[in-house]
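A quick write-up on the structure given underneath.
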RNA sequence: GGCGGGGUAGCUCAGUUGGUUAGAGCGUCGGAUUCAUAACCCGGAGGUCACGAGUUCAAUUCUCGUUCCCGCUACCA
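In the working numbering, the protein residues as written are 78 to 756.
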């Protein structure tokens with residue numbers, strides 16, 4: 078799109094306030110967004126960058142319950158950590174607010190109400206678990222029961238953490254409310270749905286036809302969703318933590334967190350600019366850009382635009398430059414496994430080194446595919462690039478100027494052909510960088526900036542002012558003038574990427590303002606202007622420092638291993654009668670085949686002594702059908718039948734689960750008659 | 001299983017609307033140099049562009065199949 082815009086609205090994915098921020102968040106969203114915003118500001122454009130914490134949703138209420146504090150306590154804690162660390166790291170939000178703010182509650186509520194009044198939503202009544210004692214509906218996470226898969230008695234309604242299986246609340250055996258401990262009952266509840274299907278043709282046209290320039294990963298995923306066909310999505314939940322549904326008779330219902338969260342972008346803009354926020358959200362000449370990670374593509378490209386379109390008065394994003402994921406030392410970053418480099422810890426352990434991390438995360442940003450962050454790479458990029466190329470060039474320019482010209486910018490006089498070709502080289506950097514940044518290619522833009530320093534180093538190496546000084550000081554003056562002009566250019570070029578370093582460098586150069594328009598100019602510094610003594614911009618990072626970080630991660634890994642291999646405690650005793658209710662038998666596998674269109678399911682035909690029966694079992698990852706035919710297995714014969722992928726499964730084959738999750742079927746040690754009871 | 005993204009030099013990654021010698025940074029080897037944080041500068045080596053088939057005068061690039069990694073989605077009685 079070659080449209081001309083008057084202003085830019087940059088939004089950054091709202092971090093979920095149930096944990097601190099890590100390098101994956103930074104590389105995927107906040108560093109690129111900050112670079113983009115700083116760049117536009119430097120060009121003098123009208124731009125605002127919006128951020129905030131996402132503070133609603135079930136996981137936060139669970140965490141609060143676990144720790145015996147209120148949800149508000151939880152979000153207060155993490156919101157403050159996140160906000161503080163962002164500020165310290167130099168992410169230059171115009172506002173960093175939160176979805177528990179009053180202004181957000183009102184904005185989200187009004188937004189819902191407008192769609193409601195316009196008859197956009199579909200109302201649907203479904204049956205869900207209800208806790209009669211507590212008088213409320215139960216989110217899946219609030220229901221505990223026995224996992225039908227691994228028999229863990231502490232499985233949640235959405236997932237069994239013992240075996241990793243994702244569940245429906247209705248799957249649980251002996252469901253119990255975690256709030257009151259009572260047995261929940263099914264009760265009808267009404268919810269509102271956004272009919273995404275009605276916006277399908279609009280989205281098709283808008284994305285697939287009008288935004289072919291979006292990144293391939295973004296465009297591809299949108300196309301995938303549109304081709305699958307969109308379904309209405311519930312926008313409300315039975316929960317007491319969130320924005321209440323502003324409709325009569327909706328007591329105990331709140332906006333579903335994905336509906337609530339993106340509206341946070343609007344609320345936070347309102348909070349920042351109470352009088353002119355609409356300019357940024359409703360004027361066609363505003364360019365809205367959502368910075369997100371790849372896990373958020375659907376919400377920002379399909380769901381949120383459908384919401385905005387339904388409302389009617391808002392603009393839609395011009396681009397959604399989603400990044401892929403950053404791995405850490407070869408493994409996926411994981412909050413729950415503590416496999417991460419946490420921003421607040423980094424800031425403590427590497428004081429004053431914000432720009433080093435910003436540099437590394439940008440130079441190796443996951444712009445087109447998942448990338449890997451390693452501490453060795455962090456060290457190498459610092460020592461070989463920031464110290465050796467950028468820091469060193471600045472230092473030698475300053476040292477030479479102080480040595481030969483008492484710290485005053487010498488006048489350049491007449492230029493040689495070589496001087497001119499060097500000036501030519503760095504003049505083009507501005508256009509190159511603009512081209513890259515305008516297309517969200519920050520890694521390439523950063524490389525261009527670094528090339529400026531390479532040009533400088535080469536220039537000094539080729540012109541050898543320390544030799545020329547013995548014969549021709551006029552020539553030395555010209556050389557150092559150019560070296561200092563390159564330094565001044567570096568102070569501008571690096572400002573979006575390394576704001577702390579750029580500020581320090583400007584200070585050393587006595588250069589109060591960085592103006593993007595001057596990038597490429599060889600006359601930024603005036604003849605005779607005084608420059609300060611050089612300070613080192615970067616320092617080497619020693620082996621011991623990165624080794625300590627690697628050790629820390631290894632310890633985490635070891636702790637996770639231990640945790641994984643810990644045998645779970647024996648559950649509470651049951652009566653003999655409870656045991657006799659179970660009818661476990663030995664059966665012979667007559668036939669076995671994979672259930673089509675599934676990864677994990679095998680379908681068995683089993684001789685049970687009286688007849689044959691069909692059983693489905695999720696062990697396809699560990700057994701091929703051929704390997705099991707003819708074998709004898711133990712199975713539960715009186716488990717209520719259940720349909721899976723349209724096939725009725727009449728029982729459950731017993732397996733042992735190893736620490737790594739591998740399933741091994743239980744077979745009798747010797748052949749027995751099919752149908753024999755297991756006691 | 002379906003869909004999307006990816007598999008390119010020792011490492012981390014670019015790129016190719018199909019066309020001679022496929023790039024960068026780092027690492028490595030060699031040279032030069034000493035203003036500079038043992039830094040900089042110059043040069044070399046290093047790739048059957050995941051695998052197999054097809055289309056084509058020509059495929060790393062297009063098509064199909066296989067395989068591995070990541071994400072979304074279905075699924076574990």
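Glycine included, C-beta positions come from ideal geometry on N, C-alpha and C. Quantities reported herein were computed from a predicted structural model and do not represent experimental measurements.
Residue 827 (DSSP reduced to helix, strand or coil): Nothing can be reported for residue 827, as the shown portion of the chain is limited to 78 through 756.
Rounded separation between residue 376 and residue 335 - CA only: Rounded to the nearest whole angstrom, the CA to CA distance from residue 376 to residue 335 is 8 Å.
What separation, rounded to the nearest whole angstrom, lies between the Cα atoms of residue 306 and residue 273? Approximately 9 Å, taken between the alpha carbons.
Helix, strand or coil for residue 489 per DSSP? In this structure, residue 489 counts as coil in the three-state DSSP scheme.
Who are the Cβ neighbours of residue 171 in its own chain at under 6 Å, not counting the five residues just before and after it? Within the same chain, residue 171 has close Cβ partners 125, 126 and 349.
Residue ranges of each beta strand (DSSP E) within the stretch 330-368, 3 or longer: Listed in chain order, the complete beta strand (DSSP E) runs (minimum 3 residues) inside the stretch 330-368 are 330-332 and 363-368.
Nearest residue (CA-CA) to residue 411, options 388, 741, 83 and 99: From the listed residues 388, 741, 83 and 99, the smallest Cα separation to residue 411 is found for 99.
Looking at C-alpha atoms only, which residue of 602, 173, 367 and 582 is the closest neighbour of residue 488? That would be 602, whose Cα lies nearest to the Cα of residue 488.
Residues near residue 404 by beta carbon distance below 8 Å, same chain, minus five either side: For residue 404, the CB contacts under 8 Å within the same chain, skipping 5 residues up- and downstream, are 410, 447, 448, 449 and 450 in chain order.
Give every residue of the same chain whose Cβ lies closer than 7 Å to the Cβ of residue 200, excluding the five residues on either side of it in the sequence, and list them in chain order. Beyond the five residues adjoining it in sequence on each side, residue 200 comes within less than 7 Å, by CB distance, of 267 and 269 in the same chain, given in chain order.
I need the straight-line Cα distance from residue 206 to residue 580, nearest angstrom please. Distance between the alpha carbons of residue 206 and residue 580 is about 58 Å.
Give me, in chain order, the residues of the same chain whose beta-carbon lies closer than 6 Å to that of residue 241; leave out the 5 immediate sequence neighbours on both sides. Any reading at residue 241 must be qualified, since the residue scores a pLDDT of 43, below 50, and its modelled position is unreliable; no value is offered.
If we call anything under 7 Å between Cβ atoms a contact, is residue 744 one with residue 710? Cβ atoms of residue 744 and residue 710: closer than 7 Å.
Tell me which residue opens and which closes the alpha helix (DSSP H) that residue 508 is part of. Per DSSP, residue 508 belongs to the alpha helix (DSSP H) from 506-515.
Stretch pair the stretch 509-523 + the stretch 448-467: three plus CB contacts closer than 8 Å: In short, these stretches do not touch, since the Cβ pair count stays below three.
Assuming the contact rule is C-beta atoms closer than 8 Å, residue 344 and residue 185 should be a hit. Round their C-beta distance to whole Å, please. Contact between residue 344 and residue 185 holds, with the beta-carbon distance rounding to 7 Å and staying under 8 Å.
Where residue 732 falls: helix, strand or coil (DSSP): In the structure shown, the three-state DSSP call for residue 732 is strand.
Residue 565 beta carbon less than 7 Å from that of residue 588: Yes, they are a contact pair.
Taking only runs that begin and end inside the stretch 657-733, name each unbroken beta strand (DSSP E) of 3 or more residues, in chain order. You should have 661-671, 679-684, 689-694, 709-713, 719-721 and 724-726.
In the stretch 412-475, which residue ranges form an unbroken beta strand (DSSP E) of at least 3 residues, counting only runs that do not cross its ends? With a minimum length of 3 residues, the unbroken runs of beta strand (DSSP E) contained wholly in the stretch 412-475 fall at 448-450.
Go ahead and pull the three-state DSSP assignment for residue 405. Reduced to three states, the DSSP call for residue 405 is strand.
When 485, 557, 338 and 510 are compared against residue 189, the one with the closest alpha-carbon: If we check each option's Cα against that of residue 189, 338 comes out closest.
With three or more C-beta pairs closer than 8 Å as the rule, is the stretch 81-92 touching the stretch 383-391? No, the stretch 383-391 is not in contact with the stretch 81-92.
Nearest neighbour of residue 387, chosen from 704, 730 and 279 [CA to CA]: The residue with the shortest Cα to Cα distance from residue 387 is 279.
Residue 203: beta carbon under 6 Å from a heavy atom of the ligand PLP? Absence of the ligand PLP from the depicted structure is noted, as is the absence of any ligand whatsoever, leaving it without description.
From which residue to which residue does the beta strand (DSSP E) around residue 199 run? Per DSSP, residue 199 belongs to the beta strand (DSSP E) from 199-208.
Burial state of residue 597, where buried means 16 or more other Cβ atoms lie within 10 Å: Within 10 angstroms of the beta-carbon of residue 597 lie 16 or more other beta-carbons, which makes it buried.
Segment contact flag, the stretch 432-443 with the stretch 494-505, C-beta cutoff 8 Å, min 3 pairs: No, the stretch 432-443 does not touch the stretch 494-505.
Which value, in whole angstroms, describes the spacing of the CA atoms of residue 586 and residue 111? Distance between the alpha carbons of residue 586 and residue 111 is about 24 Å.
Can you tell which of 633, 695, 518 and 300 has its C-alpha closest to the C-alpha of residue 416? The closest CA to that of residue 416, considering only 633, 695, 518 and 300, is found on 633.
Give me, in chain order, the residues of the same chain whose beta-carbon lies closer than 8 Å to that of residue 303; leave out the 5 immediate sequence neighbours on both sides. Correct list, in chain order: 277, 280, 281, 284, 285 and 379.
Looking at the structure shown, is residue 370 part of a helix, part of a strand, or coil, going by DSSP? In this structure, residue 370 counts as strand in the three-state DSSP scheme.
Are the CB atoms of residue 572 and residue 119 within a distance shorter than 7 Å? In contact: residue 119 and residue 572 (Cβ atoms closer than 7 Å).
Measure how close the beta-carbons of residue 753 and residue 741 come, nearest whole angstrom, since I'm counting them as under 8 Å. In this structure residue 753 does not touch residue 741 by the C-beta definition: roughly 21 Å separates them, more than the 8 Å allowed.
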